[in-house]
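Asker: Here it is, the structure in full.
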Amino acid sequence: MNALKATWKYGRFFLFPAMSLVALILFFVGGPVITAFAVFMAAFIFLGDLFFGKDEGTYTYKQAWIFYPLQYTSQVVCALTVMMFAWLLGYYATGNDPFGFGGFVQSLTGYDLLAANAQNTIWEMLGALGLAAIAATNASIIVGHELTHRTENPVAVFMGRLGEAFGMFTLFSIRHPYGHHNLVCTPADPATSIRGENYYHFLVRSTLGQYKMTWDLEKERLNRMGENHLSYKNRAIRGWLMEAAVAVFFMAAAGFVGLLGYLAIGFIARNALELANYMEHHGLVRVPTEPMHVRHAWNCNNRMSNWFLCAINRHAHHHADASVEFWNLKPLVHEAPHAPAGYTTTFFYALIPPLWFKKISPLLLEWDRNMASEAERRLAAEQNVKSGVSYLENETYGYSREELLRGSQPPPDCSLLPA
Numbered sequence: 001m002n003a004l005k006a007t008w009k010y011g012r013f014f015l016f017p018a019m020s021l022v023a024l025i026l027f028f029v030g031g032p033v034i035t036a037f038a039v040f041m042a043a044f045i046f047l048g049d050l051f052f053g054k055d056e057g058t059y060t061y062k063q064a065w066i067f068y069p070l071q072y073t074s075q076v077v078c079a080l081t082v083m084m085f086a087w088l089l090g091y092y093a094t095g096n097d098p099f100g101f102g103g104f105v106q107s108l109t110g111y112d113l114l115a116a117n118a119q120n121t122i123w124e125m126l127g128a129l130g131l132a133a134i135a136a137t138n139a140s141i142i143v144g145h146e147l148t149h150r151t152e153n154p155v156a157v158f159m160g161r162l163g164e165a166f167g168m169f170t171l172f173s174i175r176h177p178y179g180h181h182n183l184v185c186t187p188a189d190p191a192t193s194i195r196g197e198n199y200y201h202f203l204v205r206s207t208l209g210q211y212k213m214t215w216d217l218e219k220e221r222l223n224r225m226g227e228n229h230l231s232y233k234n235r236a237i238r239g240w241l242m243e244a245a246v247a248v249f250f251m252a253a254a255g256f257v258g259l260l261g262y263l264a265i266g267f268i269a270r271n272a273l274e275l276a277n278y279m280e281h282h283g284l285v286r287v288p289t290e291p292m293h294v295r296h297a298w299n300c301n302n303r304m305s306n307w308f309l310c311a312i313n314r315h316a317h318h319h320a321d322a323s324v325e326f327w328n329l330k331p332l333v334h335e336a337p338h339a340p341a342g343y344t345t346t347f348f349y350a351l352i353p354p355l356w357f358k359k360i361s362p363l364l365l366e367w368d369r370n371m372a373s374e375a376e377r378r379l380a381a382e383q384n385v386k387s388g389v390s391y392l393e394n395e396t397y398g399y400s401r402e403e404l405l406r407g408s409q410p411p412p413d414c415s416l417l418p419a
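Structural data, given as structure tokens:
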């Protein structure tokens, strides 16, 4: 019993990789079990977020060293799951055995992988896409996020970037620790959503802004070093080459359909990240010259979110001190503002703008009154009057409406948005 408790204590943060391992096995089994498991996963995550309650505990881990091999193993499992999806897609689209892998498995084990997957339908492929996208999302922005924060550990950073390549997300290892963490809750951060901004506008602005920021950060870094930014020393270029290698693998497996499959995985992973970005700091403001505090992120202590996201839902502590490992993040029950629900439920709210603004607006006004500094309250009032949200736009906190409309800080850079 003690062994089971210890296994759960350490392993509970890795439910996504565990489910990706199950998905990998089911890709070998083939047939309706693939779609059934995808539906089960979606229901389990969503319902668990609603009904499993909160975890506001603080824990001690005497064998914390084990978290690193667990993270590395997670990256390998998730990468293999995505690669096996490429094989499934190639076999489904062409009827051929990509890379001769099915024949290799049969010669090695006697198991007929081709026969097992011969009856796959579009529904099995959609289920497999969903499972592969979950694996890529985990490798890119959950475990990959944790590993690429350990900038002093080259092995951790490499494993993080390797996982990010399978979700088309290697820019995350540059833009996130060196850009987002320094600029969050200010107009300079493309990954901070402002009051009144709906998710769909934010998705485009944030995506384009993050690519631009990634390139600018690397160009500035290499220029300071006296190096040519158009060289292999540019980490952005190296990351995009890693993504290109994965794209070539998908195309070798399934041709143009394979490329579409990889793009679909990237699209799903991108939306998962941007939904998180959208809600984690929505409407919160900070004077750019002031330090980050726990009040500058929406916290969440839902148990299911904690299990599936490597505790990144304890986001306030993470931003207050990014050097703290995920297993040591504190719940900050009273010190930080709290999101309206768990991550999955909050994502659902964000996809329906009127519902999102209804849920988040009262929490924003509570933040303004109880947590914001006076300078932040003025910045919040500026966003309120420009938000177009009726619940917010009359909250000026005694400042002149005309003065607020003139503003003291520029709006987010929308120059990259399509006209």
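Throughout the sequence shown, residue numbering follows full-length UniProt numbering, covering 1 to 419 in sequence.
Beta carbons: idealized from backbone N, C-alpha and C, even for Gly.
Have a look at Cys-310, Gly-53 and Phe-99 and flag the residue whose alpha-carbon is nearest the alpha-carbon of Phe-13.
Answerer: In the sequence shown, counting from the first residue as 1, residue 13 sits at position 13. Answer by Cα proximity: Cys-310.
Asker: Quick one: is Trp-8 buried, meaning 16 or more other Cβ sit within 10 Å of its Cβ, or exposed?
Answerer: For the purposes of this step, residue 8 is taken as the residue at position 8 of the sequence shown. Flag for Trp-8 reads exposed.
Asker: Cα-Cα, which of Ala-156, Lys-54, Gly-398 and His-145 is closest to Leu-273?
Answerer: As a first step, residue 273 must be located in the sequence shown, where it is residue number 273. Nearest of Ala-156, Lys-54, Gly-398 and His-145 to Leu-273, Cα basis: His-145.
Asker: Measuring CB to CB, does Arg-314 end up less than 8 Å from Asn-299?
Answerer: By one-based count along the sequence shown, residue 314 stands at place 314. By one-based count along the sequence shown, residue 299 stands at place 299. Contact: yes.
Asker: Are the CB atoms of Ala-93 and Val-257 within a distance shorter than 8 Å?
Answerer: Numbered from 1 along the sequence shown, position 257 holds the residue referred to as residue 257. Numbered from 1 along the sequence shown, position 93 holds the residue referred to as residue 93. For Val-257 and Ala-93, yes; Cβs fall inside 8 Å.
Asker: Based on the DSSP output, what are the partners of Lys-54 in its beta bridges?
Answerer: Position 54 of the sequence shown holds residue 54. Answer is Asn-302.
Asker: Within the same chain, show all residues whose beta-carbon is closer than 8 Å to that of Ile-66, passing over the 5 residues directly before and after it, in chain order.
Answerer: Within the sequence shown, the letter at position 66 stands for residue 66. Non-local C-beta neighbours of Ile-66 in its own chain, meaning closer than 8 Å and more than five positions away in sequence, comprise Tyr-10, ordered along the chain.
Asker: Whose C-alpha, out of Gly-103, Asn-306 and Lys-386, is nearest the C-alpha of Glu-56?
Answerer: Position 56 of the sequence shown, counting from 1, holds the residue named residue 56. Of the residues Gly-103, Asn-306 and Lys-386, the one whose Cα lies closest to the Cα of Glu-56 is Asn-306.
Asker: Using beta-carbon positions only, say whether Pro-177 and Thr-207 come within less than 8 Å of one another.
Answerer: On the sequence shown, residue 177 is found 177 positions in, with the first residue counted as 1. On the sequence shown, residue 207 is found 207 positions in, with the first residue counted as 1. No; because the gap between Cβ atoms is not below 8 Å, this pair is not in contact.
Asker: Which residues in the same chain have their Cβ closer than 7 Å to the Cβ of Asn-234, if we skip the five residues on either side of it in sequence?
Answerer: On the sequence shown, position 234 is the one that residue 234 refers to. Once the five neighbours on either side are set aside, the close Cβ partners of Asn-234 are Glu-218 and Leu-222.
Asker: If you draw a straight line from the alpha carbon of Leu-416 to that of Glu-197, how long is it in whole angstroms?
Answerer: Reading the sequence shown from its first residue, position 416 is the one you call residue 416. Reading the sequence shown from its first residue, position 197 is the one you call residue 197. In this prediction, Leu-416 scores a pLDDT of 40, lower than 50, which makes its location untrustworthy; the coordinate-derived value is nonetheless stated afterwards. Looking at the two C-alpha atoms, the distance is approximately 16 Å.
Asker: Per DSSP, which residues does His-338 bridge with? Please list them.
Answerer: Stepping through the sequence shown from its first residue, residue 338 is reached at position 338. BP columns for His-338 point to Asn-299.
Asker: Check whether the segment 16-25 touches the segment 75-90, taking contact to mean three or more Cβ pairs, one atom from each stretch, closer than 8 Å.
Answerer: yes
Asker: Under 6 Å Cβ to Cβ from His-379, same chain only, skipping five residues before and after it: list those, please.
Answerer: Position 379 of the sequence shown, counting from 1, holds the residue named residue 379. Per the sequence shown, the amino acid found at residue 379 is Leu instead of His. Hits under 6 Å: Val-285.
Asker: Counting C-beta neighbours from all protein chains within 10 Å, is the total for Leu-405 16 or more, i.e. buried, or is it exposed?
Answerer: Residue numbering aside, residue 405 sits at position 405 when the sequence shown is read from its first letter. With fewer than 16 other Cβ atoms within 10 Å, it is exposed.
Asker: I need the straight-line Cα distance from Ala-36 to Phe-44, nearest angstrom please.
Answerer: Looking up residue 36 in the sequence shown gives position 36. Looking up residue 44 in the sequence shown gives position 44. If you take the alpha carbons of Ala-36 and Phe-44, they lie about 12 Å apart.
Asker: Just how far apart, CA to CA, sit Asn-271 and His-282?
Answerer: Against the sequence shown, residue 271 aligns to sequence position 271. Against the sequence shown, residue 282 aligns to sequence position 282. Rounded to the nearest whole angstrom, the CA to CA distance from Asn-271 to His-282 is 16 Å.
Asker: Here's the rule I'm using: 16 or more other beta-carbon atoms within 10 Å means buried, otherwise exposed. How should Gly-388 be labelled?
Answerer: The count along the sequence shown starts at 1 and reaches residue 388 at position 388. The residue in question, Gly-388, is exposed, as its Cβ has fewer than 16 Cβ neighbours within 10 Å.
Asker: Classify Gly-100: buried if its beta carbon has 16 or more other beta carbons within 10 angstroms, exposed otherwise.
Answerer: In the sequence shown, residue 100 corresponds to position 100, counting from 1. Counting every other CB atom within 10 Å of its CB across the protein chains shown gives Gly-100 a total below 16, marking it as exposed.
Asker: Compare the beta carbon distance of Glu-243 and Met-168 with 8 Å and say whether it is the shorter of the two.
Answerer: For this step, residue 243 is matched to residue 243 along the sequence shown. For this step, residue 168 is matched to residue 168 along the sequence shown. Yes, the pair counts as a contact, with Cβ atoms nearer than the cut-off.
Asker: For residue 420, tell me which candidate among Pro-362, Gly-407 and Gly-398 has the shortest Cα-Cα distance.
Answerer: Residue 420 is absent from the structure shown; the chain starts at 1 and stops at 419.
Asker: How would you call Ser-323, buried or exposed, if buried means at least 16 neighbouring beta carbons within 10 angstroms?
Answerer: Indexing the sequence shown from 1 puts residue 323 at position 323. That one is exposed.
Asker: With DSSP collapsed to three states, give me the class of Phe-28.
Answerer: Looking up residue 28 in the sequence shown gives position 28. If DSSP states are grouped into helix, strand and coil, Phe-28 belongs with the helices.
Asker: Can you list, in chain order, the residues of its chain whose CB lies under 6 Å from that of Phe-308, leaving out five sequence neighbours each side?
Answerer: Start at 1 with the first residue of the sequence shown, and residue 308 comes out as number 308. Counting only Cβ-Cβ distances below 6 Å, and skipping sequence neighbours, we find Leu-15 and Phe-16.
Asker: Measure the beta-carbon distance from Arg-195 to Asn-384 and round it to whole angstroms, keeping in mind my assumption that it falls under 8 Å.
Answerer: In the sequence shown, residue 195 corresponds to position 195, counting from 1. In the sequence shown, residue 384 corresponds to position 384, counting from 1. So it is a contact: roughly 6 Å between Cβ atoms.
Asker: Could you tell me the distance, in whole angstroms, from the CA atom of residue 469 to the CA atom of Thr-344?
Answerer: Because residue 469 is not part of the residues shown, which for the chain are 1 to 419, the question remains open.
Asker: Taking all protein chains shown into account, decide if Phe-202 is buried (16 or more other Cβ within 10 angstroms of its Cβ) or exposed.
Answerer: Within the sequence shown, numbered from 1, the residue matching residue 202 stands at position 202. Its Cβ being crowded by 16 or more others within 10 Å, Phe-202 is buried.
Asker: Going by the CB atoms, is the gap between Ala-264 and Leu-171 shorter than 8 Å?
Answerer: Translated into positions along the sequence shown, residue 171 becomes position 171. Translated into positions along the sequence shown, residue 264 becomes position 264. No, the pair does not count as a contact, with Cβ atoms beyond the cut-off.
Asker: How many whole angstroms separate the CB atoms of Leu-259 and Phe-250, which I take to be in contact at a CB cut-off of 8 Å?
Answerer: Numbered from 1 along the sequence shown, position 259 holds the residue referred to as residue 259. Numbered from 1 along the sequence shown, position 250 holds the residue referred to as residue 250. With 8 Å as the limit, Leu-259 and Phe-250 qualify as a contact, their Cβ atoms being about 6 Å apart.
Asker: Excluding the 5 residues flanking Met-159 on each side, which residues of the same chain have their C-beta closer than 6 Å to its C-beta?
Answerer: Counting from one through the sequence shown, the residue named residue 159 turns up at place 159. Here the set comprises Tyr-72, Gln-75 and Leu-147.
Asker: Quick check on Thr-58: buried or exposed, where buried means 16 or more other Cβ atoms within 10 Å of its Cβ?
Answerer: Within the sequence shown, residue 58 is the residue found at index 58, counting from 1. With fewer than 16 other Cβ atoms within 10 Å, it is exposed.
Asker: For Ala-139, tell me which candidate among Thr-81, Thr-186, Lys-54 and Ala-115 has the shortest Cα-Cα distance.
Answerer: In the sequence shown, counting from the first residue as 1, residue 139 sits at position 139. For Ala-139, the nearest C-alpha among the options comes from Thr-81.
Asker: Count the other CB atoms, across all protein chains shown, that sit within 10 Å of the CB of Val-294; report buried if there are 16 or more and exposed otherwise.
Answerer: Mapped onto the sequence shown, residue 294 falls at position 294. Classification for Val-294: buried.
Asker: Is Arg-12 helix, strand or coil when you go by DSSP?
Answerer: Reading the sequence shown from its first residue, position 12 is the one you call residue 12. Here Arg-12 sits in helix by DSSP.
Asker: Where does Arg-238 fall in DSSP's three states?
Answerer: On the sequence shown, residue 238 is found 238 positions in, with the first residue counted as 1. Secondary structure at Arg-238: helix, using DSSP grouped into helix, strand and coil.
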